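Below: the structure, in structure tokens.
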Amino acid sequence: MQFIETRGNDHQREPHVTFSQAILRPMSSFGGLYAPAQFPVLSDKFFARHVNSSYQVLAQAVLACWEVDIDADVIATALQRYDHFDDAQEPAPLAEVSEDLFVSELYHGPTRAFKDMALQPFGVVLSHLAQQQGEHYLILAATSGDTGPATLETFKNQPNIKVVCLYPDGGTSDVQRLQMVTEQASNLKVIGIHGDFDDAQTALKTLLSSDSFQAALAQKNTHLSAANSVNFGRIIFQQIYHIYSYLILVRRNRIALGDKVYLNVPSGNFGNALGGYYAMKQGLPVEKILISSNQNHVLTDFIRTGHYDLRERRVVGTSSPAMDILKSSNIERILFDLYGASRTRQLMEALEVERHYQLTQAELAQLQMIFSADYADDVEVNQYIRQNFAGGYLLDPHTATCFKAHANCRDKALPSIIYSTAEWTKFSPTIANALDDVADLPDEKALPLVAEKANIDVPPVITALFDKPLAHTAVIDKRDIEQEILKFL
Ligand SMILES: *Cc1c(COP(=O)(O)O)cnc(C)c1O
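Now the structure itself:
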């Protein structure tokens, strides 16, 4: 399998790269990304053969169809990470909320958010490649809450890899912050920044283009890579659960093989939804992919009108912070797949320079064959949490946004699968507020309150956080980041 560039080739880089090249150096010509040159076709026979397969066996089979240049035993080791989820037999359980509505729970990994589904195996693969090539990598991550813990968790104590994670001090939940600052390993560094997520992200970008920083890294024989979903190494693992959840519906006789379903994805950077789109391209019977957002509804507007417009928009803080995002990186891979490289480059450059672009009517029609979208605000999110709780199902604020699209975006009476991206424990103050009308409780109080109401236990990995010693205490000014990182290296 070869990978090609979403904005075309600049005649300096290779026009085609292998999977391992694409994940070690994720940026391509003109600031573009890598995307598959073609897709495997998963036949009816393939699906029939895997109706009863475990998650790990299905993943192995799908990845084999992709013919990536990673040894089968490395893939097997990477997939063993799922054995440490809550239930090794069922790392991504499918809950039944009503007769035609199912929830694929993607948060049963070590950091209680769906980032683990891809980052857990990805960490093994990347570290293996670095060792094989005798290279050292620095992974820089700026996080608003879930990517940070999942990146630290997957790379801790992995050879040839160091991770520096920047988070906005005061900008994450208590649980998310503790998941980072209590993570103890000599190859990890966590730094709090005075400022918000945009400040952390901007500081990181400044660093990436700093000559003195690059020179210092070169001296230490260290390359930079990325662990966010611009890296295809994450996307490849994010198609599996879309296929798996469909096959569970077949296994349970809820649908027959070949019947169509809706996929409903709470979206920010669009990696999760892209995984669903790629599964559909390979032959998964999907009617449409419903995209759910919060008040930062740039994606909803784009899918409805073909106008991607950042002018007049500011990120607003919501109760689903992992979706508080306006520049959604993986839309670029959709543009590339639908309209080709030169059009993608034109549109992405317009977004950078003019801060908006408009699809043609024909392009919009193509997009709307695949996607439909809606968004829910915080008040609606609270209602969905409360309603579902009354019906016996506890969900987090990101997952809750999907119920609006579920109500409004289906034109056929087909079953839907909502992809649940976080456990409620990461956002317990919002849940306490929705269920009990108490505002601004700290996590330490909100967790037991919700657990008691729901008559469930808080997982030990979460309760233990409050007693763990702090491994990282630095909270610094943006200007001091470079020095702090070099000190660590
Ligand atoms: C990262 C994240 C999302 C957004 O996923 P994308 O793949 O970036 O669209 C949604 N919900 C939660 C809880 C997340 O951590």
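Position 116, counted from 1, in the sequence shown is what the working numbering calls 327; the numbers after and before it change by one each time, with no gaps.
Glycine included, C-beta positions come from ideal geometry on N, C-alpha and C.
Just so it is clear, the structure is predicted and the values come from calculations on it, not from any experiment.
Assignment of Pro671 by DSSP, reduced to helix, strand and coil, places it in the helix class. Around the beta-carbon of His261, 16 or more other beta-carbon atoms lie within 10 Å, marking it buried. Distance from Pro671 to Leu652 at the Cβ level is roughly 21 Å; contact not present, criterion being Cβ atoms closer than 8 Å. Burial is judged here by how many other beta carbons sit within 10 angstroms of a residue's own beta carbon; Ser504 has at least 16 and is buried.
Ala427 has its alpha-carbon roughly 12 Å from the corresponding atom of Leu349. Under the three-state reduction of DSSP, His295 is assigned to helix. Rounded to the nearest whole angstrom, the C-alpha separation of Gly219 and Ala643 is 49 Å.
Bounds of the alpha helix (DSSP H) holding Gly482 are Gly482 to Lys492. Under the DSSP definition of a beta bridge, Tyr348 partners with Ile372 and His434. 8 Å or more divides the Cβ of Gln344 from the Cβ of Lys637. Taking 7 Å as the cut-off, one finds at least one heavy atom of ligand 1 near enough to the beta carbon of Pro477.
Taking one beta carbon from each stretch, the stretch 432-450 and the stretch 467-476 have fewer than 3 pairs nearer than 8 Å; the two do not touch. Checking the 7 Å criterion, the Cβ of Lys326 is within range of a heavy atom belonging to ligand 1. Shortest gap from the CB of Met491 to any heavy atom of ligand 1: 7 Å or more. Residue environment: Phe313 is assigned as buried (16 or more neighbouring CB atoms within 10 Å of its CB, all protein chains considered).
Gln557 sits in a helix when the DSSP states are folded into three classes.
Following the DSSP letters along the chain, one finds Asn475 in no alpha helix (DSSP H) but inside the beta strand (DSSP E) bounded by residues Val472 to Pro477. Only buried fits Thr362, as 16 or more other CB atoms lie within 10 angstroms of its CB. Val401: member of the beta strand (DSSP E) spanning Leu399 to Ile404, first to last residue. Nearest C-alpha to Val375 among Ser338, Arg522, Met391 and Ser265: Met391. Considering only Arg597, Val686 and Asp298, the residue with the shortest C-alpha distance to Gln267 is Asp298. Relative to ligand 1, the beta carbon of His319 is positioned no closer than 7 Å to any heavy atom. The Cβ atoms of Leu317 and Tyr457 do not sit closer than 8 Å to each other.
In this model, Pro360 and Asn368 are separated by some 14 Å (Cα to Cα). Contact between Phe325 and Asn507 is absent: CB atoms are separated by about 19 Å, not below the 8 Å threshold. DSSP places Asp512 in the uninterrupted alpha helix (DSSP H) bounded by Val509 to Thr516. For Glu307, the beta-bridge partners assigned by DSSP are Phe313. In this structure, ligand 1 has no non-hydrogen atom nearer than 7 Å to the beta-carbon of Gly382. Judged by the Cβ position, His609 qualifies as a neighbour of ligand 1 at the 7 Å threshold, a heavy atom of the ligand being closer than this.
The three-state reading of DSSP puts Gln569 in strand, counting E and B together. Counting of Cβ neighbours within 10 angstroms places Phe408 among the buried residues, the total reaching 16 or more. Boundaries cannot be given for Asp588, as no beta strand (DSSP E) includes it and DSSP labels it neither H nor E. The three-state secondary structure of Gly356, taken from DSSP, is coil.
Bridge partners of Ile687 according to DSSP: Ile404. Within 7 Å of the C-beta of Ser440 there is at least one heavy atom belonging to ligand 1. Contact check for Trp635 against Asp668 fails: the beta carbons are separated by 8 Å or more.
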